[in-house]
């Protein structure tokens, strides 16, 4: 789920704000701090460090956003007990906020 949010934010920053790959990486890395869950903040930074350039290239090449996370084999999902869930608000400075619920 985190990967999908990063892909969407990358697309929005590239398409609507004409940001470069480096600018997008800086924006997203900074905005990881707004997640509010320490484990997800770390995973967000790791995802951006490992995959931001690849995600950007896929966006530029017109790859369907729904396919990008499968292509990079996102291993950054958190494992939570079936009895617990975490709702996380991701507010990227590029635009709208996204809510993700992890089960």
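In UniProt numbering, the protein residues as written are 1 to 103. Glycine included, every Cβ here is placed at the ideal spot set by N, Cα and C.
In the three-state reduction of the DSSP assignment, residue 12 falls in the helix class. Contact between residue 55 and residue 72 holds: CB atoms are separated by about 7 Å, below the 8 Å threshold. Inter-residue distance for residue 44 and residue 61 is about 23 Å (C-alpha atoms, whole angstroms). Residue 52 sits in a helix when the DSSP states are folded into three classes. Shown here for residue 14: same chain residues with a beta carbon closer than 6 Å to its own, the five before and five after excluded, namely 59 in chain order. If you ignore the 5 residues before and after residue 6, its C-beta comes within less than 7 Å of the C-beta of 28, 47, 48, 55, all in its own chain and listed in chain order. Ranked by how close their Cα comes to the Cα of residue 19, the residues 40, 64, 1, 53 have 53 in first place.
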